[in-house]
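Here is the structure we will look at.
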Amino acid sequence: MDTLIATSEDLAGDQSVISRAEALRPAVAAASSEIESARRLPRALLDKLHEAGLFRLLLPRSSKGIETDPLTFFHVIETIARADASTAWCLSQAGGCAMSAAYLDLPVANAIFGSDPRAVLAWGPGPKVKAIECEGGYKVTGVWAFASGGRHATWLGAHCPIFKADGSPKRDVAGVQQERTMLVRTEDVQWTDIWNTVGLRGTASDQFALNDFFVRSDHSITREFDQECREAGPLYRMGSGTYYQVGFSGVACGIARGALDCFVDVARNKVPRGDRSPLRDNAVVQSNLAQAEVNLRAARGFVLQSMADVWKDLCAGATITVKQRITVRMAATHAIHKAREAVDFAYNAAGTTAIFDNHPLERRFRDIHTVTQQLQGRLSHFETVGAWLMGVDADLTFV
Numbered sequence: 002m003d004t005l006i007a008t009s010e011d012l013a014g015d016q017s018v019i020s021r022a023e024a025l026r027p028a029v030a031a032a033s034s035e036i037e038s039a040r041r042l043p044r045a046l047l048d049k050l051h052e053a054g055l056f057r058l059l060l061p062r063s064s065k066g067i068e069t070d071p072l073t074f075f076h077v078i079e080t081i082a083r084a085d086a087s088t089a090w091c092l093s094q095a096g097g098c099a100m101s102a103a104y105l106d107l108p109v110a111n112a113i114f115g116s117d118p119r120a121v122l123a124w125g126p127g128p129k130v131k132a133i134e135c136e137g138g139y140k141v142t143g144v145w146a147f148a149s150g151g152r153h154a155t156w157l158g159a160h161c162p163i164f165k166a167d168g169s170p171k172r173d174v175a176g177v178q179q180e181r182t183m184l185v186r187t188e189d190v191q192w193t194d195i196w197n198t199v200g201l202r203g204t205a206s207d208q209f210a211l212n213d214f215f216v217r218s219d220h221s222i223t224r225e226f227d228q229e230c231r232e233a234g235p236l237y238r239m240g241s242g243t244y245y246q247v248g249f250s251g252v253a254c255g256i257a258r259g260a261l262d263c264f265v266d267v268a269r270n271k272v273p274r275g276d277r278s279p280l281r282d283n284a285v286v287q288s289n290l291a292q293a294e295v296n297l298r299a300a301r302g303f304v305l306q307s308m309a310d311v312w313k314d315l316c317a318g319a320t321i322t323v324k325q326r327i328t329v330r331m332a333a334t335h336a337i338h339k340a341r342e343a344v345d346f347a348y349n350a351a352g353t354t355a356i357f358d359n360h361p362l363e364r365r366f367r368d369i370h371t372v373t374q375q376l377q378g379r380l381s382h383f384e385t386v387g388a389w390l391m392g393v394d395a396d397l398t399f400v
């Protein structure tokens, strides 16, 4: 692998944007208990997030977005995750979804995003879904789940394989069935509450359904970053898949940062049962804390350096390469699991203090273990990376 060299300035991001997240962190932390119990982001907090423009981080400037860089995006998501993981997860998901505006005709993009300052797009997968071609668009039927942030979204994306009017699959020149994402208003779907989970409860990643619903052709997109893209900026030569890796590793690092900070506060004052000294005086705890800290910082640094390297090339006019995508995937998955190890240390070392409902360590323990269960945290990504490094055929679908 090439050595990545980045200055502190390269890794710092846009402080004018990051400062908005930092200013909101106390309000996010104050809302965390309500987010847990209601399994929703409260309206008052949503108002603050919209006012700060944090749902528009990756939206094109042509649609009144911020169109920020990946380093800034990571820092914002990490900062919010220190206070509440569900809020950060929703912002990360919405950021990747907002990149869809780059694939829409500008009048449509502005109607969906530009004219509505509270516009949010959410989406999720659906195994048994279809879109049948018809005059002017598609008839869409199916059920989609894991639509993080869908309950406060204004639009939803329904990913669909495409069928011709006669019911046969529509295929590209290589014989692969075409897929598109259909954009529909949230009021047009039927919701089912399925989100009773271990962690990330406030994401409200529920299930929605459509039945023979008409979607105009200009309200559908391909999610491939090298097809149909209208925007020429470097952000849109990378693709939303890589941004999800960056964003969700930021969620994990933020959870871990919050957990280690919380643990230090606990350790300074807690005297474990049967001991005479505070937990902070235990040599094993001291050593394990130092190792958790260095592993988290190193993993976080790898993500940031990887993205700084990619961003320089993109700003010079390049498109992201497979090698760069492999590096980001490796860095992001590694960071998620090193973050999980840091949280596990903090939770276990804190003892019974951490087992009670709504204790910050208890919540972060549940949240990080939910993050690792999601697509971005799959350990199988390391198989893909290892196979590619050795020249073995590798499935690059999720790279």
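Residues in the sequence shown are numbered from 2 upward in steps of one, following the numbering used here.
Beta carbons: idealized from backbone N, C-alpha and C, even for Gly.
Remember, predicted model here, so these are calculated numbers, not experimental data.
With a cut-off of 8 Å on Cβ pairs, the segment 123 to 134 is in contact with the segment 142 to 150, counting three or more such pairs. Under DSSP, Asp207 takes part in a beta bridge, and its partners are Ala148. In the three-state reduction of the DSSP assignment, Pro279 falls in the coil class, being assigned neither a helical nor a strand state. For Arg119, same chain residues with a beta-carbon under 7 Å away, outside a window of 5 residues either side, are His51 and Thr155 in chain order. Looking at the backbone, the Cα of Ala24 and that of Asn289 are separated by about 32 Å. With 16 or more other Cβ atoms from the protein chains shown falling within 10 Å of its own Cβ, Gly251 counts as buried. In the DSSP annotation of this structure, the continuous segment of the beta strand (DSSP E) that includes Ile133 starts and ends at Lys131 to Cys135. Apart from sequence neighbours up to five positions away, the residues of its chain that approach Glu134 with a beta-carbon distance below 6 Å are Lys165 and Ala166, ordered along the chain. Membership of Glu180 in the beta strand (DSSP E) is indicated by the continuous run Glu180 to Arg186.
The beta carbons of Gly248 and Phe226 sit no closer together than 8 Å. Between Trp145 and Gln208, the CB-CB gap stays under 8 Å.
Per DSSP, the continuous beta strand (DSSP E) segment holding Phe164 begins and ends at Trp156 to Phe164.
According to the DSSP assignment, Leu201 belongs to no alpha helix (DSSP H), since it is labelled neither H nor E. For Thr322, there are no CB contacts under 6 Å within the same chain when 5 residues up- and downstream are skipped. Every alpha helix (DSSP H) stretch that sits fully inside the segment 35 to 101 and reaches 4 residues is listed by chain position as 44 to 52, 71 to 84 and 86 to 99.
Judged by DSSP in its simplified three-state form, Ser250 adopts helix. Distance from the CA of Arg26 to the CA of Phe56, rounded to the nearest whole angstrom, comes to 15 Å. Sixteen is the threshold: since fewer than 16 other Cβ atoms of the shown chains lie within 10 Å of the Cβ of Pro108, the residue is exposed. Exposed is the label assigned to Ala31, since fewer than 16 other Cβ atoms lie within 10 Å of its Cβ. Put simply, the segment 212 to 226 does not touch the segment 54 to 73. Fewer than three CB pairs are less than 8 Å apart. Here Arg274 is exposed. Its C-beta has fewer than 16 other C-beta atoms within 10 Å. According to the DSSP assignment, Thr328 belongs to the alpha helix (DSSP H) that extends over Val323 to Ala351. Phe357 counts as exposed, since fewer than 16 other beta carbons sit within 10 angstroms of its beta carbon.
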